[in-house]
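Residue numbers (our numbering), protein chains in the order written: chain E, 937 to 1278; chain S, 937 to 1278; chain U, 937 to 1278.
We put the CB at the ideal spot given by N, CA and C, even for glycine.
Everything below concerns the one structure shown next.
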Amino acid sequence: MNFTGSHILTIDQFQLADVRRIFETAERMEPFALRKRRTQVLQGALLGNLFFEASTRSRFSFAAAFERMGGAVRDMIGFEHTSFQKGESIHDTSRVMSGYVDVMVVRHPEVGKVHEFASATNIPVINSGDGTGEHPTQALLDLYTVQKETKTPVDKIKGLRVAIVGDLRHGRTVHSLVKVMALLDRLDFSFVAPDALQMPAELADLAQERGHKVAMTESLDEGLEGSDVVYCTRLQEERFATAAEAARYRGSYAINRDVFERRCKPTAFLMHPLPRDSRSGAMEISPDMDGHPALAVFRQADNGIAVRMALFVLVLGVADKVESTAQEVGWYVPKKFGPKDV
Amino acid sequence: MNFTGSHILTIDQFQLADVRRIFETAERMEPFALRKRRTQVLQGALLGNLFFEASTRSRFSFAAAFERMGGAVRDMIGFEHTSFQKGESIHDTSRVMSGYVDVMVVRHPEVGKVHEFASATNIPVINSGDGTGEHPTQALLDLYTVQKETKTPVDKIKGLRVAIVGDLRHGRTVHSLVKVMALLDRLDFSFVAPDALQMPAELADLAQERGHKVAMTESLDEGLEGSDVVYCTRLQEERFATAAEAARYRGSYAINRDVFERRCKPTAFLMHPLPRDSRSGAMEISPDMDGHPALAVFRQADNGIAVRMALFVLVLGVADKVESTAQEVGWYVPKKFGPKDV
Amino acid sequence: MNFTGSHILTIDQFQLADVRRIFETAERMEPFALRKRRTQVLQGALLGNLFFEASTRSRFSFAAAFERMGGAVRDMIGFEHTSFQKGESIHDTSRVMSGYVDVMVVRHPEVGKVHEFASATNIPVINSGDGTGEHPTQALLDLYTVQKETKTPVDKIKGLRVAIVGDLRHGRTVHSLVKVMALLDRLDFSFVAPDALQMPAELADLAQERGHKVAMTESLDEGLEGSDVVYCTRLQEERFATAAEAARYRGSYAINRDVFERRCKPTAFLMHPLPRDSRSGAMEISPDMDGHPALAVFRQADNGIAVRMALFVLVLGVADKVESTAQEVGWYVPKKFGPKDV
């Protein structure tokens, strides 16, 4: 695809070659994301960071990526926006914002609304999540993490065993992830969830049609067996009809050091889109994984900056101008961002 | 007037020569507003964007204008500000902020409070709306739109027939607009509204004293007859005593293509301060006007950036320094911001 | 101490030499804080301004200090942050943010939480208040104000009589202030408060152990007698069990011109951390002190910018690079920020 001026709305719009191009660009952006170098390539440009549903993490990640390149960011958070209550259409909001900024990141609580937003503007729109729909940049940074952790370019990855664990029914993150991983070569998917929370059939079918193996199981031990990659997800409690229904599943797929080391390959690594539920009893990662070299969750979050920088420079057509504005960083940057980083 | 260091509080402070000066400056800022060029003339300067009442659109427009010139923006939105609850006076808030920023944009839900804010500081304050009071920059960008759409410098405009339609009683926007248009030469105003929502008498009187014709009517057909400019406004439902009272008037002055083309001059154009109510049954612009070349509402919103840039460079005394910092824009900018733009 | 890469969490971490170093740096930053010069020394750097409890004033002061040096600021305000509700730990929030920004300012409603935040990251964290705990940068700017008002370097100050008036029990500001002033030479503290709101014994003891005189009194007249410095504080109404209990004390220690001039030394000055309660009947500063040359409260607020700039350049290790990027300011800056400034 031609990235310049394009929207980033769904994983479906990408071929493997497009993903490779994004990742090559992300690799070039890494020194800037890690603050080894700085650039002002977007000095004077504006990002409209429009979150009709609050999400501090995603909002910060997009904004930081843009500001690291010299651009300025306008934030809007849902509870402030009153124009919809006054009857304004998404079309009008989108078109008016287009006169103010150069690119928009949009999160909306309803499926399809980000597409509607994009159809009303000629400036690039990046989908940062539309309800239970998609969150394509999360899937891209997840796959970029797989490339980095396996030290294998995405188009050379082959035959990985990928366990995806947790609430696979409600998580848009894992849905987008399966779609983007389906572009790779002969994977071996293991979907680990209670039957009621299993991966939707159309996604399992899609993976099989593309030549991947797919197994589903309720057993964590069985599902993790021989994994190269383990991807956990948060129980989306807010998507259940009742708190009682959500509570039934809490903690049933917590991953601890014992099961991880016993079942997965020695080179395996553990991913999670965050936030993870760290309260006792939650269906998440056990504290005894803290500081484990296989725990890739913070490297994964860090990768979001480079991948989002790549998307910005691609849709704004400045990927080739980054180098010419690069400078050294003069302020203190720690070698590792966290005390437990390995 | 001498702009440098001045507050922008009310339309009453301007002579026609001042308006002309603002518009000449706005024209020079257009390439920057339209992202054909960029400037860092305000690099290092700070705007305090203080919205004691939320308004995403105005907040973004001022901020984008400031950031496009290299300045940084501090946003404060009403529901965050707790110091008033702790008994802080407007004087103290204003004086403390003056130590932090170089210019302040202030919106407040109560009439007169922005003036009070301005009286406590020596840095320029721009009124972005004080309850049912004024919103002078909206009136300026509206009149600038008339200059651009008619291709006639504001001090050469003469004899235009201007229809103002909708809720003329509660709208501070149309009140400020009548005041600023009263500076022009022999206009022919047509105020179209139900009797209960007509233009306040003092504004109609003001226009007549300045030599303009004024007619009032409840009939949309009659009111639009022979118009050069049609200005619609939103029904300010939140200003009515009850929802039932507001509902009586919904949709009674919707402008559609049929009435617009039948009654207005062929060169007429249609303005609206936005947001417009796009729900069925609203007293606003009919969807069949979408894409019509006469629909100027988005060009009008876009004009806000150039006009606000002009005000910032004038009150901060840097109008003559813009050129020397100008550079080409290197990132992708679409030829038209919206797919329906003509 | 070695500032580069360090957290600023508590006054206890400083020796007098450290305070002197901060103040020397603050003096060098003053031309930038007062907008006589500008610098881009932090161009490309990001501040995470994380307020888990809203505070417009502190949030703006830190952000303005950072933006005046060319850095960009990401703001997060408490009511937006939903990840904690999803069970995210402070550790995870802190570590993820560390991948996005270069330094974090954190305010949290609970004692100790900012320390917990700091323990999870290798980037510098500055405490902007943790419940009833500390607010060290406020204490530093307060003491810097004493240095400036007395025109005496902090390590040469000796024997000052310091009256601290108001709610001394609940105010973390005055607690931190006593701690930092205890580093000075033989002060004469006068704690003026109703018995129920007096300074905690451990702080009075600390001051005495360090060689200072300490007197406590319920009498405002007696307490102010012979003062060089008068420091008032807001009644922290939100920290009382009931509104009725808070109301008992309202207005009992209002300082007016009469008592101030009658009891304090002619060279005395009056400080307050702001916001001050300006409603009639409040326990604060009387309106007849407005415009009095001794009223230092706005100079004190202004000083926050230079002190916070100093802390940023010290923890980020760029104090020596400020000069090389300095430029003249080209826009309008008033000689005095407020009309009543002297």
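_Reduced DSSP category for threonine 1153 of chain S - H, G, I as helix; E, B as strand; rest coil_ = Strand, per DSSP.
*Flag this pair as yes or no: are the beta carbons of alanine 1242 of chain U and phenylalanine 1205 of chain U separated by less than 7 Å?*
Contact check for alanine 1242 of chain U against phenylalanine 1205 of chain U fails: the beta carbons are separated by 7 Å or more.
*For alanine 1099 of chain E versus serine 1163 of chain E, is the C-beta spacing smaller than 7 Å?*
Cβ distance < 7 Å, so alanine 1099 of chain E and serine 1163 of chain E count as in contact.
_Taking only three categories from DSSP, how would you classify valine 1128 of chain E?_
It is a strand residue.
*Apart from the five residues just before and just after arginine 1043 of chain S, which ones in its own chain have a Cβ nearer than 7 Å to its Cβ?*
Excluding positions up to five away in sequence, the list reads Phe987, Phe988, Glu989, Ser991, Ser994, Ser1064 and Gly1065.
*Applying a beta-carbon distance threshold of less than 9 Å, which residues of chain S neighbour phenylalanine 936 of chain U?*
Examination of residue 936 of chain U is not possible in this model, given that chain U is present from 937 through 1278 alone.
_Of the listed residues S/Ser1216, S/Leu978 and S/Glu1173, nearest to alanine 1000 of chain S (C-alpha basis)_ = Answer by Cα proximity: S/Leu978.
*asked:* Closer than 8 Å is the cut-off here; do at least three beta carbon pairs connect the stretch 1182 to 1202 of chain E with the stretch 999 to 1013 of chain U?
replied: Taking a contact to require three or more Cβ pairs closer than 8 Å, the stretch 1182 to 1202 of chain E and the stretch 999 to 1013 of chain U do not qualify as touching.
*With a cut-off of 8 Å, do at least 3 Cβ pairs link the stretch 1017 to 1027 of chain E to the stretch 1205 to 1216 of chain S?*
Yes: the two stretches touch, three or more of their Cβ pairs being nearer than 8 Å.
*Give a yes or no on whether 7 Å exceeds the smallest Cβ distance from glycine 1048 of chain S to chain U.*
It does not: the Cβ of glycine 1048 of chain S has no partner Cβ on chain U nearer than 7 Å.
*How is glutamate 1264 of chain U classed by DSSP in three states: helix, strand or coil?*
Annotated three-state conformation of glutamate 1264 of chain U is strand, per DSSP.
*In the stretch 1155 to 1223 of chain U, which residue ranges form an unbroken alpha helix (DSSP H) of at least 4 residues, counting only runs that do not cross its ends?*
Entirely contained in the stretch 1155 to 1223 of chain U, the alpha helix (DSSP H) runs reaching 4 residues are, in chain order, 1156 to 1160, 1179 to 1185 and 1193 to 1199.
*Smallest Cα separation from threonine 1073 of chain U: which of U/Phe959, U/Asp1226, U/Gly1217 and U/Tyr1268?*
Looking from the CA of threonine 1073 of chain U, the closest CA among U/Phe959, U/Asp1226, U/Gly1217 and U/Tyr1268 belongs to U/Phe959.
*Close Cβ partners of glutamate 1085 of chain E (< 7 Å) along its chain, the five nearest in sequence each way excluded*: These residues qualify, in order along the chain: Phe1205 and Ala1232.
*What first and last residue would you give for the alpha helix (DSSP H) that runs through asparagine 1063 of chain S?*
Not the alpha helix (DSSP H): asparagine 1063 of chain S falls in the beta strand (DSSP E), residues 1061 to 1066.
_As assigned by DSSP and simplified to three states, the class of leucine 978 of chain E_ = Residue state for leucine 978 of chain E is assigned as coil, using DSSP reduced to three classes.
*So leucine 1247 of chain U and isoleucine 1062 of chain U are in contact, right, with Cβ under 8 Å, and what is the actual spacing, rounded?*
With 8 Å as the limit, leucine 1247 of chain U and isoleucine 1062 of chain U qualify as a contact, their Cβ atoms being about 6 Å apart.
*Round the Cβ separation of glutamine 1280 of chain E and glycine 1067 of chain E to the nearest angstrom and send it over; I've been treating them as touching at under 8 Å.*
Residue 1280 of chain E lies beyond the range of chain E shown here (937 to 1278); nothing can be said about it.
*Among S/Gly980, S/Ala969, S/Gln976 and S/Lys972, which residue has its Cα nearest to the Cα of lysine 972 of chain U?*
Residue S/Gly980 is the option with its Cα nearest to lysine 972 of chain U.
*Just the chain E side, please: which residues come within less than 8 Å of phenylalanine 1273 of chain S by C-beta, in chain order?*
In chain order: Arg1031, Ser1034, Gly1035, Thr1057, Asn1058 and Ile1059.
*Inter-residue Cα distance where the pair is alanine 1075 of chain E and lysine 1094 of chain S*: Taking the CA atoms as reference points, alanine 1075 of chain E sits about 59 Å from lysine 1094 of chain S.
*asked:* Would glycine 1266 of chain S and glycine 1217 of chain S qualify as a contact pair, given that the criterion is a beta-carbon distance under 7 Å?
replied: In this structure, glycine 1217 of chain S does not lie closer than 7 Å to glycine 1266 of chain S by Cβ.
_Local conformation of aspartate 1277 of chain U per DSSP, three classes_ = Under the three-state reduction of DSSP output, aspartate 1277 of chain U falls in the coil class, being neither helix nor strand.
*What does isoleucine 1241 of chain S reach in chain E if we use C-beta pairs closer than 8 Å?*
One finds Gly1035 and Tyr1036 in chain E with Cβ atoms closer than 8 Å to the Cβ of isoleucine 1241 of chain S, taken in chain order.
*Whole angstroms is fine: what's the gap from valine 1047 of chain S's alpha carbon to isoleucine 944 of chain S's?*
Between the alpha carbons of valine 1047 of chain S and isoleucine 944 of chain S lies a distance of about 15 Å.
_Taking CB distances under 7 Å as the criterion, tell me whether glutamate 1003 of chain E reaches chain U._
Answer yes: the Cβ-Cβ gap between glutamate 1003 of chain E and chain U drops below 7 Å somewhere.
*Starting from the beta carbon of threonine 940 of chain E, find every residue of chain S whose beta carbon is closer than 7 Å, and list them in chain order.*
Among the residues of chain S, those whose CB is under 7 Å from the CB of threonine 940 of chain E are Tyr1268, following chain order.
*Given a threshold of 16 other Cβ atoms within 10 Å of its Cβ, counted over all protein chains shown, does valine 1110 of chain S qualify as buried or as exposed?*
Valine 1110 of chain S should be labelled buried.
_So that I know if they touch, is there some Cβ in chain U lying closer than 7 Å to that of glycine 1102 of chain S?_
So, not an interface residue.
_In this structure, how does DSSP classify glycine 1253 of chain U when only helix, strand and coil are distinguished?_
In the structure shown, glycine 1253 of chain U sits in coil (DSSP, three-state: anything other than H, G, I, E or B).
*If you draw a straight line from the alpha carbon of glycine 1014 of chain E to that of arginine 1244 of chain U, how long is it in whole angstroms?*
Approximately 31 Å between the Cα atoms of the pair.
*Do leucine 1120 of chain S and valine 1037 of chain S have their C-beta atoms within less than 7 Å of each other?*
Taking 7 Å as the cut-off, the beta carbon of leucine 1120 of chain S is found no closer than this to the beta carbon of valine 1037 of chain S.
_Chain-ordered neighbours of alanine 981 of chain U on chain E, where CB pairs are closer than 7 Å_ = Those are Trp1267, listed as they occur along chain E.
*What are the boundary residues of the alpha helix (DSSP H) that includes isoleucine 1026 of chain E?*
Per DSSP, the unbroken alpha helix (DSSP H) holding isoleucine 1026 of chain E starts and ends at 1026 to 1034.
*Going by alpha carbons, who is nearest to arginine 974 of chain E out of E/Tyr1080, E/Val1090, E/Lys1257 and E/Leu1160?*
Of E/Tyr1080, E/Val1090, E/Lys1257 and E/Leu1160, the residue nearest in Cα terms is E/Lys1257.
*Return the CA-CA distance between leucine 970 of chain S and serine 1260 of chain S, expressed in angstroms with no decimal places.*
When only Cα atoms are considered, leucine 970 of chain S and serine 1260 of chain S end up about 18 Å apart.
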